[in-house]
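Peer 1: One structure is given below, represented as structure tokens, and several questions about it will come after.
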Amino acid sequence: MARKLSTTDGIEKMGATELQENGIRYKRLFPNNYKRHFDPFVLLDEFHMDIQSEINDQTNEGFECVTYMLDGSLKHTDGLENNEELASGDAQRFTAGNGYRHSEKPVQKLNHGIRLWIDLPEENKDDPASYQIQHADDLPVNETDARFVRSILSEKSPLKVKASVLFQDYSIAADTEQKIEIPEQHRAILYLPGDINGTLHAEDTLLESGDALLIDLGADNFKVKSKNEAVRFMLITGKPLNQEIELKNNRVL
Numbered sequence: 001m002a003r004k005l006s007t008t009d010g011i012e013k014m015g016a017t018e019l020q021e022n023g024i025r026y027k028r029l030f031p032n033n034y035k036r037h038f039d040p041f042v043l044l045d046e047f048h049m050d051i052q053s054e055i056n057d058q059t060n061e062g063f064e065c066v067t068y069m070l071d072g073s074l075k076h077t078d079g080l081e082n083n084e085e086l087a088s089g090d091a092q093r094f095t096a097g098n099g100y101r102h103s104e105k106p107v108q109k110l111n112h113g114i115r116l117w118i119d120l121p122e123e124n125k126d127d128p129a130s131y132q133i134q135h136a137d138d139l140p141v142n143e144t145d146a147r148f149v150r151s152i153l154s155e156k157s158p159l160k161v162k163a164s165v166l167f168q169d170y171s172i173a174a175d176t177e178q179k180i181e182i183p184e185q186h187r188a189i190l191y192l193p194g195d196i197n198g199t200l201h202a203e204d205t206l207l208e209s210g211d212a213l214l215i216d217l218g219a220d221n222f223k224v225k226s227k228n229e230a231v232r233f234m235l236i237t238g239k240p241l242n243q244e245i246e247l248k249n250n251r252v253l
């Protein structure tokens, strides 16, 4: 089960659950017995794939999937005849809609990334499948001496999904304070990948590797601060679709 570490007004601190499927190691924030989803998000995984593991000929329906590579690279093929290599810093999106078949195979010995499933609005559930890849050089970056932010999904990012979603990769130097701004009408997830050194203080809450904050609607903007080490974290926000989410295998109804 996921660890529900603490709860305050509209904010939950959680730890990811460790799983292994088909030789792939996951740290899964949700779905689980405690948290079925976090509208508009259906699933959030951090994954590690070695050269022997793969996702082979999987069929999905009813959602969009964004994969962001932290390290290594994957070979993506699908039923739309796409054949792409997803390297460190690259991101891809597929829209499953009325059905999408794909495979993901490791290119390097160690491959590490984030996988996010986003629910499709009801009016898009039967859309035809589509695919998009954006390489690291195409994704917007905001960089200072103390901070590096890559925007995987944002108004300025060329990678697009149907729901209103922000997805950013932050790296901040040691002893650095960073303001976190949550878009209006969005819920938010702040996640520290599991093999990242360093800790992060979100106001009075300490986050370590594999921990997350789930922040509900109406929460104020807040500040995070690193201590003696640099730290990397993911900020993911989304506007709820306010529709029922039912997950059956690889289909979102």
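First residue of the sequence shown? That's 1 in UniProt numbering, and the numbers climb one at a time after it. Virtual Cβ for every residue (Gly too), placed ideally from N, Cα, C. Keep in mind that this is a model prediction, so the values were computed, not measured.
#1: When the Cα atoms are used, what is the spatial distance from MET1 to SER209?
#2: What residues in its chain sit with their C-beta under 6 Å from that of PHE228, if we drop five residues either side in the sequence?
#3: Identify, in the order they occur along the chain, each residue of the same chain with its Cβ nearer than 8 Å to the Cβ of GLN108, setting aside the five sequence neighbours on each side.
#4: Would you tell me roughly how many angstroms separate the C-alpha atoms of GLU18 and ARG28, rounded to the nearest one?
#5: May I have the straight-line CA-CA distance separating TYR191 from LEU80, to the nearest angstrom?
#6: So what does ARG36 bridge to, in DSSP terms?
#7: Out of SER53, LYS160, PRO158, which has the shortest C-alpha to C-alpha gap to ARG25?
#8: Which class does ASP138 belong to by DSSP, given the choice of helix, strand or coil?
#9: Evaluate contact between the segment 35-48 and the segment 135-150, counting only Cβ atoms and requiring at least three cross-stretch pairs below 8 Å.
#10: Fully enclosed by the segment 153-226, which beta strand (DSSP E) runs are 3 residues long or longer?
#11: Considering only DSSP beta bridges, list what ALA91 is partnered with.
#12: Using a Cβ-Cβ cutoff of less than 6 Å, which residues in the same chain neighbour ASP216 once the five nearest sequence positions on both sides are dropped?
#13: Over the uninterrupted beta strand (DSSP E) stretch that includes THR77, give me the two end residues.
#14: Which word fits GLU177, buried or exposed, when buried means at least 16 other C-beta atoms lie within 10 angstroms of its C-beta?
#15: Would VAL231 and GLY198 qualify as a contact pair, given that the criterion is a beta-carbon distance under 7 Å?
#16: Could you give the DSSP three-state label for ASN56: helix, strand or coil?
#17: Among GLN92, MET234, PHE63, whose alpha-carbon lies nearest the alpha-carbon of VAL149?
#18: Just how far apart, CA to CA, sit GLY238 and ALA163?
#19: Please return the same chain residues whose Cβ sits closer than 8 Å to the Cβ of GLU246, not counting the five positions on each side in sequence.
#20: Mapping DSSP to helix, strand and coil, what is ALA2?
Peer 2: This is what the structure holds:
#1: Your numbering for residue 1 matches position 1 in the sequence shown. Your numbering for residue 209 matches position 209 in the sequence shown. Note that MET1 has pLDDT 40, beneath the 50 cutoff, so the model's placement of it is unreliable and no number is given.
#2: Here residue 228 is taken as the residue at index 228 of the sequence shown, counted from 1. The question names Phe, but residue 228 is Asn in the sequence shown. The answer, listed in chain order, is ALA174.
#3: By one-based count along the sequence shown, residue 108 stands at place 108. Cβ within range, chain order: ILE51, GLY72, SER73.
#4: The residue you call residue 18 lines up with position 18 of the sequence shown. The residue you call residue 28 lines up with position 28 of the sequence shown. Using only the alpha carbons, I get a separation of about 6 Å.
#5: Counted from its first residue, the sequence shown places residue 191 at position 191. Counted from its first residue, the sequence shown places residue 80 at position 80. Rounded to the nearest angstrom, the two C-alpha atoms are 32 Å apart.
#6: Numbered from its first residue, the sequence shown carries residue 36 at position 36. Looking at the DSSP assignment, ARG36 forms no beta bridge with any residue, so it has no partner.
#7: Against the sequence shown, residue 25 aligns to sequence position 25. Cα-wise, what sits closest to ARG25 is SER53.
#8: Mapped onto the sequence shown, residue 138 falls at position 138. Under the three-state reduction of DSSP, ASP138 is assigned to helix.
#9: no
#10: 165-172, 177-180, 187-191, 200-202, 205-207, 211-215, 222-226
#11: Sequence index remark: in the sequence shown, residue 91 carries index 91 (1-based). In DSSP, ALA91 forms a bridge with TYR68, GLN134.
#12: Translated into positions along the sequence shown, residue 216 becomes position 216. GLY10, ARG187.
#13: For the purposes of this step, residue 77 is taken as residue 77 along the sequence shown, with counting starting at 1. Here the beta strand (DSSP E) through THR77 covers 73-78.
#14: Along the sequence shown, one-based indexing puts residue 177 at 177. Looking at its Cβ environment, which holds fewer than 16 other Cβ atoms inside 10 Å, GLU177 is exposed.
#15: Taking the sequence shown and counting its residues from 1, one reaches residue 231 at position 231. Taking the sequence shown and counting its residues from 1, one reaches residue 198 at position 198. Yes, these two residues count as a Cβ contact at 7 Å.
#16: The count along the sequence shown starts at 1 and reaches residue 56 at position 56. ASN56: strand per DSSP, three-state reduction.
#17: As a first step, residue 149 is located in the sequence shown; it is residue number 149 there, counting from the start. When C-alpha distances from VAL149 are compared across GLN92, MET234, PHE63, the shortest belongs to MET234.
#18: Counted from its first residue, the sequence shown places residue 238 at position 238. Counted from its first residue, the sequence shown places residue 163 at position 163. If I take the Cα positions, the gap works out to 7 Å.
#19: Position 246 of the sequence shown, counted from the first residue, corresponds to residue 246. VAL252, LEU253.
#20: The residue given as residue 2 occupies position 2 in the sequence shown. With a pLDDT of 46 at ALA2, under the threshold of 50, the modelled position of this residue cannot be trusted; read the value that follows with caution. Note: ALA2 maps to coil in three-state DSSP.
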